[in-house]
């Protein structure tokens, strides 16, 4: 048998006898530890134990925890007592583990920080050196920086992985540097799309913006005819915003002030002129934005954009859009009284009517509802709302009633008519 064939068979036999390489699972824990993210970590531990992974690495960058103390303590107990090696790497550079999120670093078997990352252990934010001295991290990893190396520091998640026990690695040459490269398969996992959406919505800035934008679009849709795209988008935004606020530490006072602001804006939008309610609403909106969260601070950029944008929209944009949507070149305002139209939607007591092919929100001035498709007459205007009555069975105009009461001669001529009111007979009639 050729020597090459013998060597190939021996190599294949060695591969068969070599135990199967285990994997390292890496998950990204980014943002507040809300119910979605806590469940994700729990499921990752289950999966790592199921496949007998060499290690599970949590890449952590979190400003705090949004679940209850009992739920978070169960997660910490699970991390500390897991059958798989769990390591927490606070990175990349600039990442943080603040508040109770720092307890997750303490609960892990091994931990390290990226250069420039910080750990808030309750006494201020500290780096890798100080965290190591205080016993918060106990795993040496070389950052290989020009100014020396810090124990408890790993420049990349790869450097952290190859330093974990049970992870196979090999040395590779990169220029003048020799680095370790993992041979153990590394598997990265992330949240599913639906979970990622809910996790994103639960961030303070996103929840706040969705909540106020949703309310603004719903207010706009209330002053338009029918339900359009703005109403649908507003409803979805409002629901998602409510979910985010329910997860986050919100204050009832802040939510109440935001609702009061929308109520005040709505009153003046209906009149079409900014008045006292607009001023009250603007102040309430600014105060509600500042007091919305308990212990969570929104950035000044987010607050400034939201407050300025809402004030501009309600003072100028919203009234203008409402007028534009309802206006047509042939429709005026007061002289519309007496115009006839058709009920586009049933008016009972509110609905939508078509007057000269333009949709208007309408209200019947009678107790009798007006069915869809029934003819109507405009009898009054209140802001952008028309007061209508059914054409059939409507009250007679006072001029018609007066004409009906005038006495008439046997030949049908009204004796009360003056000469200027009586048209002369034409020659043809004579």
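In the numbering used here, the protein residues as written are 2 to 431. Don't be surprised by glycine CBs; every beta carbon is placed ideally from N, CA and C.
Backbone secondary structure at residue i - three-state DSSP
i	result
residue 68	coil
residue 244	helix
residue 191	coil
residue 60	strand
residue 276	coil
residue 174	strand
residue 209	helix
residue 250	coil
residue 35	coil
residue 393	coil
residue 168	coil
residue 53	coil
residue 78	helix
residue 260	helix
residue 98	strand
residue 349	coil
residue 121	strand
residue 371	strand
Identity of the residues DSSP links to residue i by a beta bridge
i	result
residue 354	344, 361
residue 111	88
residue 376	343
residue 27	58, 189
residue 116	Residue 116 pairs with nothing; no bridge assigned.
residue 381	388
residue 183	170
Whole-angstrom distance between residue j and residue i, CA atom to CA atom
i	j	result
residue 112	residue 50	19 Å
residue 159	residue 165	10 Å
residue 338	residue 369	20 Å
residue 180	residue 171	8 Å
residue 302	residue 200	22 Å
residue 349	residue 262	29 Å
residue 118	residue 91	7 Å
residue 357	residue 351	19 Å
residue 162	residue 215	44 Å
residue 354	residue 391	11 Å
residue 95	residue 56	24 Å
residue 254	residue 264	15 Å
residue 64	residue 221	36 Å
residue 223	residue 280	21 Å
residue 93	residue 99	15 Å
residue 108	residue 282	48 Å
residue 115	residue 88	13 Å
residue 251	residue 295	6 Å
residue 140	residue 156	Here the model assigns residue 140 a pLDDT of 48, short of 50, so the residue's position is not dependable, and the following value carries that caveat. Looking at the two C-alpha atoms, the distance is approximately 14 Å.
residue 120	residue 300	21 Å
residue 110	residue 45	16 Å
residue 276	residue 383	17 Å
residue 188	residue 269	57 Å
residue 388	residue 247	41 Å
residue 393	residue 342	12 Å
residue 196	residue 32	13 Å
residue 176	residue 52	37 Å
residue 305	residue 191	33 Å
residue 193	residue 278	45 Å
residue 317	residue 287	18 Å
residue 438	residue 285	With the chain running from 2 to 431 in the structure shown, residue 438 is simply not present.
residue 83	residue 47	9 Å
residue 182	residue 313	56 Å
residue 202	residue 85	32 Å
Beta-carbon proximity check, residue i vs residue j, cutoff 8 Å
i	j	result
residue 205	residue 297	yes
residue 105	residue 68	no
residue 208	residue 245	yes
residue 38	residue 30	yes
residue 242	residue 211	yes
residue 76	residue 42	yes
residue 219	residue 229	no
residue 102	residue 61	yes
residue 347	residue 372	yes
residue 79	residue 54	no
residue 364	residue 385	no
residue 366	residue 379	no
residue 307	residue 237	no
residue 344	residue 310	no
residue 289	residue 249	no
residue 173	residue 185	no
residue 315	residue 266	yes
Proximity test, residue i beta-carbon vs the ligand MG heavy atom, cut-off 7 Å
i	result
residue 164	The model on display carries no ligand, and the ligand MG is accordingly not part of it.
Practice task
With a floor of 3 residues, list each beta strand (DSSP E) that falls wholly inside the stretch 213-239, ordered by position along the chain.
Solution key: Along the length of the stretch 213-239, whole beta strand (DSSP E) runs at least 3 residues long do not occur.
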